[in-house]
Amino acid sequence: MTFSEHLLYLREKRGLKQTDVAVAIGITERGYRNYERGSREPALSTLIALADFYDLSLDELVCRER
């Protein structure tokens, strides 16, 4: 699963709208939508905000395995 696919999965699993997540982490809806589309990658501060929002580690958020 790619990072963008994982973001979509996490959001839909919780029944949230893109706006809900964007507001919660302090970015624009358009910015968040670009992450789900895979057309942009978030800055580290945004990744941390997303990980905190979904209560995941950064590795879990970006689908990283050792």
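Position one of the sequence shown corresponds to residue 1 (UniProt numbering), numbered consecutively onward.
Quick reminder that beta carbons are idealized off the backbone N, C-alpha and C, glycines included.
Bear in mind the structure is a predicted one, so any value in this text is a computation, not a measurement.
- Where ALA49 is concerned, the enclosing alpha helix (DSSP H) starts and stops at 44–54.
- In this structure, the CA atom of PRO42 is about 7 Å from the CA atom of TYR35.
- Residue environment analysis places TYR9 among the exposed positions, since fewer than 16 neighbouring C-beta atoms fall within 10 angstroms of its C-beta.
- In the three-state reduction of the DSSP assignment, GLU41 falls in the coil class, being assigned neither a helical nor a strand state.
- Residue range 18–25 is occupied by the alpha helix (DSSP H) that includes ILE25.
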